[in-house]
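Quick note on the UniProt record's numbering: the sequence shown kicks off at 1 and runs consecutively.
All remarks here apply to the structure that follows.
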Amino acid sequence: MFKEKFSQLESELDEMSKLRQLKTESGKALLDQYFDLLMAYFKDINEIEDYDAARIDALPVVPMNFEERLSYIELRKHHFMGYQQMKTMKQELIKMNASYQIRKKRQ
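Shown next as structure tokens:
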């Protein structure tokens with residue numbers, strides 16, 4: 001479910017990025033969808049309903065400097081570098097979740 005949605009959004013956003021159209025209304029709407037999907041994926045892999053920064057240490061899959069990076073992304077969500085940070089974080093979450101699932105199965 002998530003993989004297909006990420007791939008679809010990334011192909012559209014990458015094309016818009018090449019054309020320098022991320023700041024258009026349609027670009028912003030896609031970036032908002034990408035951010036929402038990223039947060040939904042984060043909640044899904046951590047099996048939580050809502051994101052609560054106070055409980056971040058108790059979650060099994062959290063990238064380094066998650067809160068700082070999330071703040072950076074929220075401030076620059078509609079910019080190229082904010083989009084790149086979201087893509088990087090997505091990749092980290094995928095890898096960390098795979099590692100966590102393997103460890104979980106071994107227990």
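By construction, the Cβ of each residue, glycine as well, lies at the ideal position given by its N, Cα and C atoms.
None of the values given here were measured: they were computed from a predicted structure.
Would you grab the beta carbon distance between isoleucine 94 and methionine 86 for me? Rounded to a whole angstrom, and I think it's under 8 Å.
No, isoleucine 94 and methionine 86 are not in contact; Cβ-Cβ is about 13 Å, not under 8 Å.
Which stretch, first to last residue, makes up the alpha helix (DSSP H) that contains proline 34?
A small correction: the amino acid at residue 34 is tyrosine; proline does not occupy that position in the sequence shown. Where tyrosine 34 is concerned, the enclosing alpha helix (DSSP H) stretches over 25 to 45.
If proline 63 and asparagine 46 are in contact, beta carbons under 8 Å, what's the gap, nearest whole angstrom?
At roughly 12 Å, the Cβ-Cβ gap does not stay under 8 Å, so proline 63 and asparagine 46 are not in contact.
What is the DSSP secondary structure of aspartate 57, reduced to helix, strand or coil?
The answer is helix: DSSP assigns aspartate 57 an H, G or I state.
Please report the distance separating the alpha-carbon of glycine 82 from that of leucine 75.
Those two C-alpha atoms are separated by around 8 Å.
Could you check whether leucine 38 and leucine 13 sit closer than 9 Å to each other, using their CB atoms as the reference points?
No, the Cβ-Cβ distance between leucine 13 and leucine 38 is not below 9 Å.
Considering only the beta carbon of each residue, do methionine 9 and glutamine 33 sit closer than 9 Å?
In the sequence on display, residue 9 carries leucine and not methionine. Yes, they are a contact pair.
What are the boundary residues of the alpha helix (DSSP H) that asparagine 97 is part of?
80 to 106 is the extent of the alpha helix (DSSP H) around asparagine 97.
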